[in-house]
Each structure stands twice: as structure tokens, then as C-alpha cells.
Amino acid sequence: MTLDLRRVAAFVVIAEELNVTRAAQRLHTSQQALSASLSELERQLKVTLIDRSPRQLLLTEAGKLLYTEAKPLLAAADAVERRLRDVAANSPPQLRLAHSPAITTDEVYRLLDGFRSAHPDTTIIVEQIYPRELEGSLTSGRADVALLRIAPSLTPESSAFASAPVRFDRLRIAMAADHPLAHREKVQFSDLRDQEIVIWAPPGASGYTAFLTALCRSAGFEPRVSISPNQGLPPATSVAGNQRVAFVTERPGLMLDGAVQVVELEPPAYAPIEAVWLRAGLSSWARTFLDDVRAATPVE
């Protein structure tokens with residue numbers, strides 16, 4: 001059986017709208033043509049995808065399954081088509097990476113070190129995203145691989161995605177250069193008990209925040225947290241000019257033109273960098289990058 005991807009794409013729009021009129025408008029086609037396309041797809045697959053009741057359209061269990069699997073399938077097909085066009089145009093190979101704000105551009109650069117040396121002709125495109133944009137970034141083809149501190153819980157479409165830790169960075173503490181703890185070479189977890197700790201999102205909305213909160217609880221205290229006002233910027237920026245502290249992965253020393261001091265945290269704790277990608281349609285360059293980065297030193 002040959003699956004007609006055009007009919008599958010049309011089905012996805014119907015499934016999202018659950019209204020043939022609106023779906024036809026989105027696709028710039030007639031209702032009759034769209035209904036015929038759906039019927040032919042069902043005939044091909046030998047299943048009913050949509051229950052056409054008089055009042056409304058409803059996805060059957062088979063329809064729900066196809067909708068879950070269809071978007072990454074279509075994304076993989078688009079990615080292959082895009083790479084074929086690049087080959088035909090003799091364009092240089094491209095690697096598209098996305099990363100969350102919790103991973104700095106310096107850390108992305110270090111992750112790319114081996115790949116850049118081995119493949120100097122590859123064009124590398126890096127984009128910052130929020131974790132909630134992960135699935136859309138991958139399925140749209142904006143990114144081949146997404147890098148996050150803690151990969152978020154994915155939707156039922158998560159079976160189409162794969163993930164793996166690629167490195168662990170040592171956590172440190174950032175604070176204003178005039179903070180009472182800034183003169184120390186090291187701070188203990190217990191020193192954070194009475195500090196206000198800046199996080200980028202509430203624990204229930206961020207896997208990384210939940211991870212950091214759990215570290216504090218394991219050290220015997222409930223952290224006092226506040227949400228960073230600097231969304232989209234590295235965590236260290238949120239402590240400049242105030243008396244709060246933040247978990248960071250930057251190296252010890254002064255940063256931000258001397259406004260912020262980073263000190264070691266004891267006992268050592270490590271934050272993962274996780275890579276997430278579409279199982280189907282992964283480019284050879286993205287696969288090479290993943291192989292390289294997983295073969296490199298896993299702890300920074």
C-alpha cells in the first residue's frame with residue numbers, strides 16, 4: 001500500500017478543524033474535493049477515520065492514531081524534500097539546532113566544537129526557543145535537533161521523538177558582585193537556605209526548575225524562589241543589581257562586565273543537556289552531530 005501524503009496532510013487539517021467547511025477554506029479547495037479525498041484515504045487504509053454524525057465530526061480511534069502519527073511523518077517527508085532541493089542546487093549541507101535559554105550560546109558552541117572541526121563546510125543555524133516550542137520547532141523543520149536542560153513532557157505525538165542526554169554541566173551559583181557570598185571560593189547547598197533563588201518558570205511549568213527544586217529539597221530545605229524578569233536571557237542576568245542568586249553553568253569568576261560573580265557549589269551537582277529529535281527523517285548531518293557530541297567528554 002502506498003500512503004498518499006497529500007491526502008494525509010488534508011486529513012490533518014480536517015482533524016484539527018473537525019469542520020469540512022473551515023478545513024476546505026484553510027486548504028483553498030472545495031468541500032466536495034476534500035470529502036472525496038478523505039473517503040479515498042479511508043478506502044486506502046481500510047478504516048474509518050472520522051465519524052460523520054449529523055451534528056459534528058469526531059475522530060475515531062483510528063483517526064486519533066493517524067493524527068498522532070501524521071504530523072511527524074509529514075515533517076520527515078518535508079525535511080527529505082528540502083534536503084533533496086539543497087542537493088540539486090549544490091547548496092552546502094546545513095545543521096539546524098535549537099536550544100532553550102537555560103543553555104547558553106557558549107555551551108552550544110562548545111558542543112559543536114568537534115563537529116565544526118570535522119565538517120567545516122557545513123552551515124550551522126542556531127535558534128533559541130522556549131521548551132514549549134520544542135515540538136513545533138522540530139516538526140516544522142526549523143530545527144533538526146533541540147537542546148534543553150530537561151526535555152519537557154511531550155504530547156501523545158512523543159512516540160515520534162527520540163531524546164538522549166548528551167552532556168552534564170557542573171552547576172554553580174551566580175550572584176551580584178557585591179553579594180555577601182560573592183567573596184567565597186565555594187558555597188554550600190546549605191548556604192542557599194536563606195537565599196532567594198531566581199528561576200525562569202514555576203516548578204510545575206518547567207522540568208529544569210523542578211530538577212533544581214528537587215536538588216534543594218535533597219539538601220534539606222525548601223527553596224525560596226522568584227521568577228526571573230529577564231525571560232530569554234541567560235540565568236546570570238537575573239541577579240545583576242540585586243541580592244538574589246541563581247543556578248548557572250558558567251565557569252567561576254566575574255561576568256557581565258564585572259556585575260556578577262560565579263562561585264563553585266558544594267557538594268558538586270550536575271545539570272544535563274538533553275537532545276531531542278524526530279525519529280524519522282533525521283538528516284545525516286544531524287545524526288553525525290549527535291554521534292559526535294555523545295562520543296565527546298560527557299561532563300564539563
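The sequence shown begins at 1 in the UniProt record's numbering and counts up one residue at a time.
Don't be surprised by glycine CBs; every beta carbon is placed ideally from N, CA and C.
These numbers were taken from a predicted model, which means no experiment stands behind them.
Query, Result
"The alpha helix (DSSP H) spanning residue 208 covers which residue range?", "207-218"
"Cβ atoms of residue 128 and residue 98: under 9 angstroms apart, would you say?", "yes"
"Tell me the rounded alpha-carbon separation between residue 259 and residue 177.", "5 angstroms"
"With three or more beta-carbon pairs closer than 8 angstroms as the criterion, would you say the region 235-243 touches the region 195-209?", "yes"
"Checking 9 angstroms against the spacing of the C-beta atoms, do residue 245 and residue 179 come in under that value?", "yes"
"With DSSP as the reference, please indicate the residues paired to residue 52 in a beta bridge.", "57"
"Using the DSSP secondary-structure output, state which residues sit across from residue 186 in a beta bridge.", "264"
"What is the residue span of the alpha helix (DSSP H) that residue 14 lies within?", "5-17"
"Thinking residue 13 and residue 23 are a contact (beta carbons under 8 angstroms), I'd like their distance in whole angstroms, please.", "5 angstroms"
"From the DSSP output, in three-state form, read off residue 285 for me.", "helix"
"Taking residue 188 as the reference, give the member of 231, 295, 241 and 216 with the closest Cα.", "216"
"Tell me the residue span of the alpha helix (DSSP H) that contains residue 115.", "113-118"
"Within the continuous beta strand (DSSP E) that includes residue 123, where are the two ends?", "123-128"
"Return the first residue and the last residue of the beta strand (DSSP E) that residue 94 is part of.", "94-99"
"List the endpoints of the continuous beta strand (DSSP E) containing residue 196.", "196-199"
"On the three-state DSSP scale, how would you describe residue 41?", "helix"
"Looking at residue 247: is its Cβ nearer than 9 angstroms to the Cβ of residue 173?", "yes"
"Provide the residue(s) that pair with residue 274 in DSSP beta bridges, ordered along the chain.", "148 and 165"
"Since residue 253 sits in a beta bridge, which residues does DSSP pair it with?", "262"
"So, for residue 125: in the same chain, excluding its five sequence neighbours on each side, which residues have a beta-carbon less than 8 angstroms away from its beta-carbon?", "94, 95, 96 and 97"
"Is residue 27 near residue 10, with beta carbons less than 9 angstroms apart?", "yes"
"Going by alpha carbons, who is nearest to residue 77 out of 60, 20 and 141?", "141"
"Going by DSSP, name the residue or residues bridged to residue 226.", "198"
"Alpha carbon to alpha carbon, how far is residue 211 from residue 168? Give it in angstroms, no decimals.", "13 angstroms"
"What residue range does the beta strand (DSSP E) around residue 248 cover?", "245-248"
"Using the Cα positions of residue 310 and residue 281, report the straight-line distance between them to the nearest angstrom.", "There is no way to answer for residue 310, as the model of the chain reaches only from 1 to 300."
"What would DSSP say about residue 26, mapped onto helix, strand or coil?", "helix"
"Which value, in whole angstroms, describes the spacing of the CA atoms of residue 2 and residue 138?", "25 angstroms"
"Considering residue 172, what are the terminal residues of the beta strand (DSSP E) in which it resides?", "172-176"
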